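Here is the structure we will look at.
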Amino acid sequence: MAARAAAVRLLHEVLTLGRSLDEVFARQVQALAPPDRALAHALAAQALRWLVDLDRLIDSASARPLPADARARQVLRIALAGRLRLKTPMHATIATALALLQGGPRRLCHAVLARLDREGATLPELPTLPVAWAERWESRFKPSALEAMRAALGTIPPTDLSLRNPDETTSWATRLAGQSIEPGHVQIAGSQRVEALPGLAEGAFWVQDLAARQVVRRLGDVGGRPVLDLCAAPGGKTLQLAAAGAHVTAVDRAAYRMARLEAHLARTGLSARTVVADLLEWEPDQLFGFILLDAPCSATGTFRRHPEVLARRHPRELPGLAERQRQMLARSANWLAPGGRLVYAVCSLEPEEGEEVVERTAGQGLALLATERLLPGTGPGDGFFIATFAKAGA
Ligand SMILES: C[S@@+](CC[C@H](N)C(=O)[O-])C[C@H]1O[C@@H](n2cnc3c(N)ncnc32)[C@H](O)[C@@H]1O
Numbered sequence: 000m001a002a003r004a005a006a007v008r009l010l011h012e013v014l015t016l017g018r019s020l021d022e023v024f025a026r027q028v029q030a031l032a033p034p035d036r037a038l039a040h041a042l043a044a045q046a047l048r049w050l051v052d053l054d055r056l057i058d059s060a061s062a063r064p065l066p067a068d069a070r071a072r073q074v075l076r077i078a079l080a081g082r083l084r085l086k087t088p089m090h091a092t093i094a095t096a097l098a099l100l101q102g103g104p105r106r107l108c109h110a111v112l113a114r115l116d117r118e119g120a121t122l123p124e125l126p127t128l129p130v131a132w133a134e135r136w137e138s139r140f141k142p143s144a145l146e147a148m149r150a151a152l153g154t155i156p157p158t159d160l161s162l163r164n165p166d167e168t169t170s171w172a173t174r175l176a177g178q179s180i181e182p183g184h185v186q187i188a189g190s191q192r193v194e195a196l197p198g199l200a201e202g203a204f205w206v207q208d209l210a211a212r213q214v215v216r217r218l219g220d221v222g223g224r225p226v227l228d229l230c231a232a233p234g235g236k237t238l239q240l241a242a243a244g245a246h247v248t249a250v251d252r253a254a255y256r257m258a259r260l261e262a263h264l265a266r267t268g269l270s271a272r273t274v275v276a277d278l279l280e281w282e283p284d285q286l287f288g289f290i291l292l293d294a295p296c297s298a299t300g301t302f303r304r305h306p307e308v309l310a311r312r313h314p315r316e317l318p319g320l321a322e323r324q325r326q327m328l329a330r331s332a333n334w335l336a337p338g339g340r341l342v343y344a345v346c347s348l349e350p351e352e353g354e355e356v357v358e359r360t361a362g363q364g365l366a367l368l369a370t371e372r373l374l375p376g377t378g379p380g381d382g383f384f385i386a387t388f389a390k391a392g393a
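Just so it is clear: in the sequence shown, position 338 is 337 by numbering that gives the first Met the number 0, and no numbers are missing.
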């Protein structure tokens with residue numbers, strides 16, 4: 000019961016107040032016993048992965064559509080996620096849902112659940128993508144890629160870890176019962192409680208998506224070299240750079256996120272210079288041979304790990320995000336030393352935040368070496384756009 004009440008609260012904060020599931024989960028459910036915590040997370044995450052289909056079922060069984068933010072809709076979403084995804088028995092589904100609606104429309108919810116049960120309601124094989132994103136992606140991606148993306152939305156992704164010492168890849172893969180796809184990386188099944196893993200406290204690794212690792216690799220060999228890491232927090236890429244022997248200057252404007260980056264540095268024993276600053280105002284006091292700009296974006300490429308992005312974000316936000324990225328890229332281009340390399344990345348699937356930003360950067364003294372699009376479901380991990388630039392001279 001406590002788990003379901005918490006799941007309804009999680010869903011409300013994520014969908015109505017626009018917060019991320021991880022953030023709300025870290026804050027909201029700490030008082031629960033570990034099994035209830037895990038169940039609350041599983042219910043909320045399943046409801047977010049299957050949101051379009053759950054809402055379709057709820058609407059099909061209601062005489063009048065419930066408002067999107069009505070508590071009764073949140074309770075029904077959680078109840079149906081439990082029933083259809085976690086196989087909660089029907090009597091328990093109804094009893095726990097009604098208990099969450101003291102003073103609310105209990106008869107209506109009972110009628111919706113009973114009708115769906117009577118009609119043998121099921122979910123489709125793969126989750127349906129929200130129409131605002133599906134319309135865009137259908138015109139750009141092949142049907143097979145789109146299907147793989149839907150499958151990725153419906154699947155709990157593995158946990159990817161980056162190792163402080165890549166020489167220990169085989170031993171950590173064995174110890175964590177995982178598999179390694181490249182040196183310095185170990186993948187373990189499912190979304191793990193990372194705090195419980197051996198090696199975390201002593202800083203042997205950090206959580207980092209496998210596709211995110213590829214972004215840093217595009218800088219080439221950074222061992223012993225100064226690297227400017229822009230929009231660095233919470234710091235997965237900073238740690239990767241530092242572990243590769245780079246002398247990193249990490250800049251981010253969010254002090255609370257930078258505190259997390261510093262905690263990761265302290266835990267892993269890695270080092271970087273940290274600067275809390277807005278990079279639309281800040282200037283470095285030297286040029287850098289290597290710059291990474293991991294710009295803030297819609298994050299639509301991260302829906303495997305953060306299914307709520309598809310509901311929280313809307314294409315109408317893209318022009319504003321893209322313009323800020325363009326400004327950031329134009330400024331950072333000025334800080335690249337002749338002969339230097341700059342990597343611009345976004346965890347977005349949208350061309351406005353990828354190809355079009357690169358096109359609008361033409362003529363800023365940068366030569367475009369390569370662009371890549373990594374897609375969730377067919378790529379190594381989350382979706383990314385990565386552009387690699389060089390500056391003439393040396
Ligand atoms: C995609 S996240 C960076 C992830 C990070 N590179 C990593 O690997 O963990 C984007 C970051 O940009 C930061 N940011 C947004 N606007 C900024 C600005 N104007 N100046 C500096 N940092 C900014 C946000 O605080 C956020 O931490």
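Built from N, CA and C at the ideal position, the CB exists for glycine as well. A quick note: this is a predicted structure, and the numbers were derived from the prediction, not measured.
Give the secondary structure of residue i by DSSP, where H, G and I count as helix, E and B as strand, and everything else as coil.
i, result
"residue 334", "coil"
"residue 213", "helix"
"residue 162", "strand"
"residue 341", "strand"
"residue 313", "coil"
"residue 394", "Lying outside 0 to 393, the shown extent of the chain, residue 394 is not represented and no answer is given."
"residue 235", "helix"
"residue 90", "helix"
"residue 350", "helix"
"residue 196", "coil"
"residue 95", "helix"
"residue 225", "strand"
"residue 132", "helix"
"residue 272", "strand"
Any heavy atom of ligand 1 closer than 7 Å to the beta-carbon of residue i?
i, result
"residue 407", "What is shown of the chain runs 0 to 393, which leaves residue 407 out entirely."
"residue 269", "no"
"residue 284", "no"
"residue 234", "yes"
"residue 1", "no"
"residue 381", "no"
"residue 375", "no"
"residue 320", "no"
"residue 346", "yes"
"residue 21", "no"
"residue 341", "no"
"residue 293", "yes"
"residue 241", "no"
"residue 278", "yes"
"residue 35", "no"
Quick one: using the 10 Å Cβ neighbour count with 16 as the cut-off for buried, is residue i buried or exposed?
i, result
"residue 200", "exposed"
"residue 347", "buried"
"residue 207", "buried"
"residue 178", "exposed"
"residue 141", "exposed"
"residue 279", "exposed"
"residue 86", "exposed"
"residue 331", "buried"
"residue 351", "buried"
"residue 270", "exposed"
"residue 138", "exposed"
"residue 182", "exposed"
"residue 130", "exposed"
Mind reading off the beta-carbon distance from residue i to residue j? Whole number of angstroms is fine, and I expect it under 8 Å.
i, j, result
"residue 379", "residue 213", "7 Å"
"residue 73", "residue 7", "5 Å"
"residue 290", "residue 229", "7 Å"
"residue 235", "residue 210", "11 Å between Cβ atoms; not a contact."
"residue 18", "residue 12", "5 Å"
"residue 163", "residue 223", "About 17 Å; that fails the 8 Å criterion."
"residue 294", "residue 308", "Actually they do not touch by this definition, with Cβ atoms about 16 Å apart."
"residue 272", "residue 232", "The Cβ separation is near 14 Å, so there is no contact."
"residue 171", "residue 263", "Residue 171 to residue 263, Cβ: 17 Å. No contact."
"residue 80", "residue 46", "4 Å"
"residue 336", "residue 366", "Going by Cβ atoms, the distance from residue 336 to residue 366 rounds to 14 Å, so no, they are not a contact pair."
"residue 221", "residue 242", "Not a contact, Cβ separation roughly 10 Å."
In chain order, what residues of the same chain lie with their CB nearer than 7 Å to the CB of residue i, ignoring the 5 residues before and after it?
i, result
"residue 359", "325"
"residue 275", "251, 252, 254 and 257"
"residue 0", "95 and 98"
"residue 300", "346, 347, 348, 375, 381, 382 and 383"
"residue 132", "299 and 309"
"residue 122", "49, 52 and 83"
Who are the near neighbours of residue i in its chain, counting only those whose CB is closer than 6 Å to its CB and skipping five residues on each side?
i, result
"residue 60", "111, 114 and 115"
"residue 343", "292, 328 and 386"
"residue 82", "92"
"residue 227", "248, 287 and 290"
"residue 147", "376 and 377"
Within its chain, find whatever has a CB closer than 8 Å to the CB of residue i; leave out the 5 residues flanking it on each side and keep chain order.
i, result
"residue 153", "48, 49, 125 and 126"
"residue 245", "221, 222, 223, 224, 225, 226 and 289"
"residue 151", "302, 303, 375 and 376"
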